[in-house]
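In this note's numbering, the protein residues as written are 17 to 205.
For every residue, glycine included, the Cβ atom is placed at its ideal position computed from N, Cα and C.
Computed from a predicted model, the values in this text were never measured in an experiment.
First the structure, in the form of C-alpha coordinates, and then the observations on it.
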Amino acid sequence: MSGPARQSVTQATRRDQERRRMYIRAATPEDAEMLAAAERQTAAAQEGLLASRPEEIHVESFRRKIEQLQSNGLYVVLEKDGDPVGHLLLEPLALAVTSHVVQLTIVVHPGHTGQGYGRILMNHAIEWACQSSAVERIELRVRSSNPRAIALYRSLGFEIEGTLKRRIKLSQGYADDICMALFVDQPVA
(Lines of atoms letter the chains of each structure in order from A and count residues from 1; the text may use other names and numbers.)
(Lines give C-alpha, C1' and ligand atoms only; values in the text may rest on other atoms or scores of the structure.)
Protein backbone atom coordinates (compact mmCIF):
# COMPACT_ATOMS: atom_id res chain seq x y z
CA MET A 1 0.00 0.00 0.00
CA SER A 2 1.37 3.42 -0.89
CA GLY A 3 0.39 6.99 -1.60
CA PRO A 4 -2.98 8.38 -0.47
CA ALA A 5 -4.32 5.02 0.75
CA ARG A 6 -1.35 4.52 3.09
CA GLN A 7 -1.64 8.09 4.32
CA SER A 8 -5.35 7.56 5.04
CA VAL A 9 -4.67 4.39 7.05
CA THR A 10 -1.84 6.14 8.92
CA GLN A 11 -4.14 9.04 9.81
CA ALA A 12 -6.86 6.64 10.99
CA THR A 13 -4.31 4.76 13.12
CA ARG A 14 -3.13 8.01 14.70
CA ARG A 15 -6.73 9.00 15.47
CA ASP A 16 -7.33 5.60 17.09
CA GLN A 17 -4.18 5.93 19.19
CA GLU A 18 -5.24 9.43 20.21
CA ARG A 19 -8.70 8.18 21.24
CA ARG A 20 -7.23 5.36 23.31
CA ARG A 21 -5.34 7.89 25.38
CA MET A 22 -8.68 9.54 26.25
CA TYR A 23 -11.11 8.21 28.79
CA ILE A 24 -14.52 9.42 29.93
CA ARG A 25 -15.35 8.32 33.45
CA ALA A 26 -17.98 9.06 36.06
CA ALA A 27 -17.05 11.91 38.39
CA THR A 28 -16.52 10.89 42.02
CA PRO A 29 -16.72 12.97 45.20
CA GLU A 30 -12.91 12.83 45.27
CA ASP A 31 -12.92 14.89 42.04
CA ALA A 32 -14.68 17.83 43.70
CA GLU A 33 -11.51 19.74 44.54
CA MET A 34 -10.04 19.32 41.04
CA LEU A 35 -13.31 20.28 39.34
CA ALA A 36 -13.75 23.36 41.52
CA ALA A 37 -10.17 24.42 40.77
CA ALA A 38 -10.73 23.99 37.01
CA GLU A 39 -13.90 26.07 37.14
CA ARG A 40 -12.17 28.77 39.22
CA GLN A 41 -9.43 28.95 36.57
CA THR A 42 -12.02 29.10 33.78
CA ALA A 43 -14.00 31.84 35.53
CA ALA A 44 -10.82 33.83 36.18
CA ALA A 45 -9.57 33.44 32.59
CA GLN A 46 -12.60 35.14 31.00
CA GLU A 47 -15.09 37.11 33.02
CA GLY A 48 -18.64 35.99 32.41
CA LEU A 49 -17.77 32.74 30.60
CA LEU A 50 -19.23 30.90 33.60
CA ALA A 51 -22.14 32.23 35.63
CA SER A 52 -20.12 31.97 38.86
CA ARG A 53 -17.22 34.17 39.81
CA PRO A 54 -14.06 32.40 41.05
CA GLU A 55 -14.79 33.25 44.70
CA GLU A 56 -18.30 31.77 44.39
CA ILE A 57 -17.03 28.31 43.43
CA HIS A 58 -16.86 25.95 46.44
CA VAL A 59 -15.58 22.38 46.67
CA GLU A 60 -18.47 21.21 48.85
CA SER A 61 -21.01 22.30 46.21
CA PHE A 62 -19.24 20.11 43.67
CA ARG A 63 -19.15 17.18 46.07
CA ARG A 64 -22.91 17.45 46.70
CA LYS A 65 -23.70 17.78 42.98
CA ILE A 66 -21.58 14.73 42.10
CA GLU A 67 -23.29 12.65 44.79
CA GLN A 68 -26.74 13.83 43.67
CA LEU A 69 -26.12 13.00 40.01
CA GLN A 70 -24.64 9.55 40.69
CA SER A 71 -28.18 8.21 41.02
CA ASN A 72 -30.11 10.72 38.94
CA GLY A 73 -28.27 12.29 36.02
CA LEU A 74 -24.80 12.30 34.54
CA TYR A 75 -21.53 13.83 35.75
CA VAL A 76 -18.42 12.81 33.81
CA VAL A 77 -14.76 13.77 33.54
CA LEU A 78 -12.76 13.50 30.31
CA GLU A 79 -9.15 12.52 30.87
CA LYS A 80 -6.30 12.46 28.40
CA ASP A 81 -3.16 10.60 29.43
CA GLY A 82 -4.56 10.51 32.97
CA ASP A 83 -5.05 14.28 33.23
CA PRO A 84 -8.54 15.84 33.40
CA VAL A 85 -9.21 18.06 30.38
CA GLY A 86 -12.93 18.71 30.79
CA HIS A 87 -16.12 17.78 32.55
CA LEU A 88 -19.83 17.72 31.81
CA LEU A 89 -23.04 17.21 33.70
CA LEU A 90 -26.65 16.58 32.77
CA GLU A 91 -28.96 17.51 35.61
CA PRO A 92 -32.66 16.59 35.50
CA LEU A 93 -35.05 19.43 36.26
CA ALA A 94 -36.85 18.94 39.57
CA LEU A 95 -40.55 19.38 38.78
CA ALA A 96 -42.71 16.52 37.49
CA VAL A 97 -43.81 18.58 34.48
CA THR A 98 -40.16 19.10 33.45
CA SER A 99 -38.83 15.68 34.45
CA HIS A 100 -38.15 14.90 30.77
CA VAL A 101 -35.63 17.78 30.58
CA VAL A 102 -31.96 17.83 31.58
CA GLN A 103 -29.82 20.94 31.98
CA LEU A 104 -26.36 20.59 30.43
CA THR A 105 -23.21 22.18 31.83
CA ILE A 106 -19.85 21.68 30.14
CA VAL A 107 -16.40 23.03 30.96
CA VAL A 108 -13.30 22.35 28.90
CA HIS A 109 -10.46 23.08 31.28
CA PRO A 110 -8.05 25.99 30.66
CA GLY A 111 -5.22 25.07 28.32
CA HIS A 112 -7.31 22.38 26.63
CA THR A 113 -9.81 24.38 24.56
CA GLY A 114 -9.90 24.14 20.78
CA GLN A 115 -8.74 20.51 20.70
CA GLY A 116 -12.08 18.75 20.21
CA TYR A 117 -12.65 17.79 23.85
CA GLY A 118 -15.93 19.70 24.01
CA ARG A 119 -17.28 17.73 21.04
CA ILE A 120 -16.21 14.44 22.64
CA LEU A 121 -18.00 15.32 25.88
CA MET A 122 -21.09 16.58 24.05
CA ASN A 123 -21.33 13.43 21.93
CA HIS A 124 -21.08 11.32 25.09
CA ALA A 125 -23.86 13.33 26.76
CA ILE A 126 -26.15 13.11 23.74
CA GLU A 127 -25.58 9.37 23.47
CA TRP A 128 -26.33 8.95 27.19
CA ALA A 129 -29.51 11.04 26.87
CA CYS A 130 -30.66 9.06 23.82
CA GLN A 131 -30.29 5.82 25.80
CA SER A 132 -32.24 7.20 28.77
CA SER A 133 -35.96 6.56 28.60
CA ALA A 134 -36.56 9.56 30.87
CA VAL A 135 -34.77 12.23 28.77
CA GLU A 136 -36.44 13.91 25.82
CA ARG A 137 -34.81 17.34 25.86
CA ILE A 138 -31.36 18.74 26.65
CA GLU A 139 -31.16 22.43 27.50
CA LEU A 140 -28.15 24.68 27.85
CA ARG A 141 -27.27 28.33 28.12
CA VAL A 142 -24.18 29.78 26.46
CA ARG A 143 -22.79 33.31 26.44
CA SER A 144 -23.30 35.25 23.24
CA SER A 145 -19.58 36.07 23.51
CA ASN A 146 -18.69 32.37 22.96
CA PRO A 147 -19.27 31.83 19.21
CA ARG A 148 -17.13 28.66 19.05
CA ALA A 149 -19.34 26.95 21.62
CA ILE A 150 -22.50 28.13 19.86
CA ALA A 151 -21.19 26.72 16.56
CA LEU A 152 -20.36 23.40 18.24
CA TYR A 153 -23.82 23.09 19.76
CA ARG A 154 -25.49 23.96 16.45
CA SER A 155 -23.37 21.38 14.62
CA LEU A 156 -24.72 18.76 17.05
CA GLY A 157 -28.35 19.67 16.35
CA PHE A 158 -29.05 22.17 19.13
CA GLU A 159 -31.33 25.03 18.17
CA ILE A 160 -31.35 28.56 19.53
CA GLU A 161 -34.63 29.17 21.35
CA GLY A 162 -34.04 32.67 22.64
CA THR A 163 -31.79 35.24 24.25
CA LEU A 164 -31.74 36.32 27.87
CA LYS A 165 -30.48 39.86 27.41
CA ARG A 166 -28.08 41.33 29.96
CA ARG A 167 -28.44 38.23 32.13
CA ILE A 168 -24.82 38.20 33.32
CA LYS A 169 -23.49 41.33 34.99
CA LEU A 170 -19.81 41.95 34.29
CA SER A 171 -17.43 44.49 35.78
CA GLN A 172 -17.80 46.45 32.53
CA GLY A 173 -21.32 45.90 31.21
CA TYR A 174 -23.35 42.76 30.65
CA ALA A 175 -23.40 39.50 28.72
CA ASP A 176 -26.38 37.85 27.08
CA ASP A 177 -27.23 34.19 27.52
CA ILE A 178 -28.32 32.23 24.46
CA CYS A 179 -30.81 29.45 25.30
CA MET A 180 -30.39 26.33 23.18
CA ALA A 181 -32.05 22.92 23.19
CA LEU A 182 -31.89 19.53 21.54
CA PHE A 183 -34.80 17.09 21.40
CA VAL A 184 -33.21 13.65 21.72
CA ASP A 185 -36.42 11.82 20.86
CA GLN A 186 -36.31 13.25 17.33
CA PRO A 187 -33.75 12.40 14.63
CA VAL A 188 -31.16 15.08 13.90
CA ALA A 189 -31.63 16.65 10.46
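- Nearest Cα to Leu-94 within the set Arg-37, Ala-61, Ala-110 and Leu-198: Arg-37.
- Beta-bridge annotation (DSSP): Ile-40 is paired with Leu-94.
- Residues of the same chain with a CB within less than 7 angstroms of the CB of Met-50, apart from the 5 flanking positions on each side, are Pro-100 in chain order.
- Sixteen is the threshold: since fewer than 16 other Cβ atoms of the shown chains lie within 10 Å of the Cβ of Glu-175, the residue is exposed.
- Close CB contacts of Ala-61 within its chain, under the 7 angstroms cut and outside five residues either way in sequence, are with Pro-126 (chain order).
- For the pair His-128 and Gly-134, the Cα-to-Cα distance works out to about 9 angstroms.
- Taking the C-beta atoms as reference points, Gln-119 is found no nearer than 8 angstroms to Glu-177.
- DSSP assignment within the stretch 152-190 yields the following whole beta strand (DSSP E) runs of 3 residues or more, N-terminal first: 153-159 and 175-186.
- Annotated as proximal: Arg-159 and Asp-193, with beta-carbon spacing under 8 angstroms.
- Between the beta-carbon of Ala-53 and that of His-74 there is about 11 angstroms, and that puts the pair past the 8 angstroms contact cut.
- For the options Ala-165, Val-151, Ser-148 and Leu-104, the alpha carbon positioned closest to that of Leu-137 is the one of Leu-104.
- Taken through DSSP and simplified to helix, strand or coil, Gln-57 comes out as helix.
- According to the DSSP assignment, Leu-104 belongs to the beta strand (DSSP E) that extends over 99-108.
- Judged by DSSP secondary structure, Leu-85 falls within the alpha helix (DSSP H) whose first and last residues are 75-87.
- Burial state of Asp-47 is buried, judged by a 10 Å Cβ sphere holding 16 or more other Cβ atoms.
- Assignment of Leu-198 by DSSP, reduced to helix, strand and coil, places it in the strand class.
- Under the DSSP assignment, Leu-65 falls outside any beta strand (DSSP E); it carries neither an H nor an E label.
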